[in-house]
Amino acid sequence: MKVVSNSSVLIALGGIGRLEVLRAKFGQIQIPDAVWREVVEEGGGRPGSVEIARADWVVRIAVADAQLARVLRQHLDDGEAEALALAREKGAERVLLDERPARTTAKTMGLVPLGTLGILILGKRNGLIPSVKAETDRLLAAGFRVRPEVLAQALAAAGE
Numbered sequence: 001m002k003v004v005s006n007s008s009v010l011i012a013l014g015g016i017g018r019l020e021v022l023r024a025k026f027g028q029i030q031i032p033d034a035v036w037r038e039v040v041e042e043g044g045g046r047p048g049s050v051e052i053a054r055a056d057w058v059v060r061i062a063v064a065d066a067q068l069a070r071v072l073r074q075h076l077d078d079g080e081a082e083a084l085a086l087a088r089e090k091g092a093e094r095v096l097l098d099e100r101p102a103r104t105t106a107k108t109m110g111l112v113p114l115g116t117l118g119i120l121i122l123g124k125r126n127g128l129i130p131s132v133k134a135e136t137d138r139l140l141a142a143g144f145r146v147r148p149e150v151l152a153q154a155l156a157a158a159g160e
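Residue numbers for the sequence shown follow the working numbering, beginning at 1 and rising by one.
Pasting the structure below:
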């Protein structure tokens, strides 16, 4: 399955030591240069940054359609814009994003967004984590922001 990721999911899962859920579920993750810069170069020393830099299952790819990325940057940050452009270029089956504007844009582009909470739900369903609630508690303690109703929906979807 072709999967492209934005920074937010990598930072969130790296922050709670759960990057392995991505590898186990998707095998390989493609990230654009802007995401690499944000997570590895600017995020040096943060949880997950070293793991991403060393991971052979995370592949850094330059966006070829610079014009599309430029247009997307008018209302999204660099990482989101490049992730969406790369996902379209590569025909990704999923694009990993958390922020609502980026998810909405992904849908209008015909892409399928999946966020941190959705990944945790998949992780539980596949036996990779025992509890979504325990992981979301850790995310919230680390500063992850999510609307209460979205969290409640995710926990219900996980059967918790």
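For each residue, glycine too, the CB sits at the ideal point set by N, CA and C.
Where residue i falls, given that 16 or more other Cβ within 10 Å makes a residue buried
| i | result |
| --- | --- |
| Arg103 | buried |
| Pro101 | exposed |
| Ala142 | exposed |
| Gln30 | buried |
| Ala81 | buried |
Element boundaries [alpha helix (DSSP H), containing residue i]
| i | result |
| --- | --- |
| Ser131 | Unbroken run through Ser131: none, as it is neither H nor E. |
| Val9 | Ser7 to Gly15 |
| Leu86 | Asp78 to Lys90 |
| Arg70 | Ala66 to Leu72 |
Opening and closing residue of the beta strand (DSSP E) in which residue i lies
| i | result |
| --- | --- |
| Gln28 | Element bounds for Gln28: n/a, residue is neither H nor E. |
| Arg125 | Unbroken run through Arg125 is the alpha helix (DSSP H), Thr116 to Arg125; no beta strand (DSSP E). |
| Leu96 | Arg94 to Leu96 |
| Val59 | Val58 to Ile61 |
Inter-residue spacing [alpha-carbon to alpha-carbon] between residue i and residue j
| i | j | result |
| --- | --- | --- |
| Gly127 | Ala34 | 32 Å |
Beta-carbon gap between residue i and residue j smaller than 7 Å
| i | j | result |
| --- | --- | --- |
| Ser5 | Val39 | no |
| Val21 | Arg94 | no |
| Leu114 | Leu96 | yes |
| Leu111 | Ala83 | no |
| Glu42 | Ala64 | no |
| Leu120 | Glu135 | yes |
Cβ shell of residue i (< 8 Å), same chain only, five flanking positions each side left out
| i | result |
| --- | --- |
| His75 | Pro101 and Thr105 |
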